[in-house]
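*Asks:* In the working numbering, the protein residues as written are 4 to 159.
Even glycine gets a Cβ: it sits at the ideal position worked out from N, Cα and C.
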């Protein structure tokens, strides 16, 4: 079994490289990095600055640089939080929504062209594999969360 795990790991890294490093999903002249590109597609209106930072899981300096870049491009705007005027929330502008949709459509087109090459049995196998990985990840996260809560309870 260890041999298969090693082989699966190798191929997962190759797949991720194709998706994000080799530019399979992004134009070689894109204004975003692969992580930023995917993050922008998944951006949801009304994020706080803190949520934005957590969402991109980068260091504070990188987050601020990316946020400034999106604001300068006119893709995002800051608005006061209706519940707390001290806080700012981030929203897509009309231009940002257009760009997000353009990127999303391009991503879907490329992904669909890859998935169309799979046979039915291959597609079912991939779906089972991804579902299993997702379930393992969710279960592991829940266990880690429970362990963190137990550790907090031990503190005075």
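Specify the secondary structure class of residue 125 as computed by DSSP and reduced to three states.
*Replies:* Of the three classes helix, strand and coil, the one that applies to residue 125 here is helix, per DSSP.
*Asks:* Based on Cα-Cα distance, which residue from 63, 94 and 84 lies nearest to residue 73?
*Replies:* That would be 94, whose Cα lies nearest to the Cα of residue 73.
*Asks:* Count the CB pairs spanning the region 39 to 46 and the region 101 to 120 that are closer than 8 angstroms, and state whether there are at least three.
*Replies:* At 8 angstroms Cβ cutoff, the stretches touch.
*Asks:* Give, in chain order, every unbroken run of the alpha helix (DSSP H) that is at least 4 residues long and sits entirely within the region 89 to 155.
*Replies:* For the region 89 to 155, whole alpha helix (DSSP H) runs of length 4 or above, ordered along the chain, are 97 to 118.
*Asks:* So what does DSSP say about residue 56, is it helix, strand or coil?
*Replies:* DSSP places residue 56 in helix when its eight states are reduced to three.
*Asks:* Within the continuous alpha helix (DSSP H) that includes residue 21, where are the two ends?
*Replies:* Where residue 21 is concerned, there is no enclosing alpha helix (DSSP H), given that its DSSP letter is neither H nor E.
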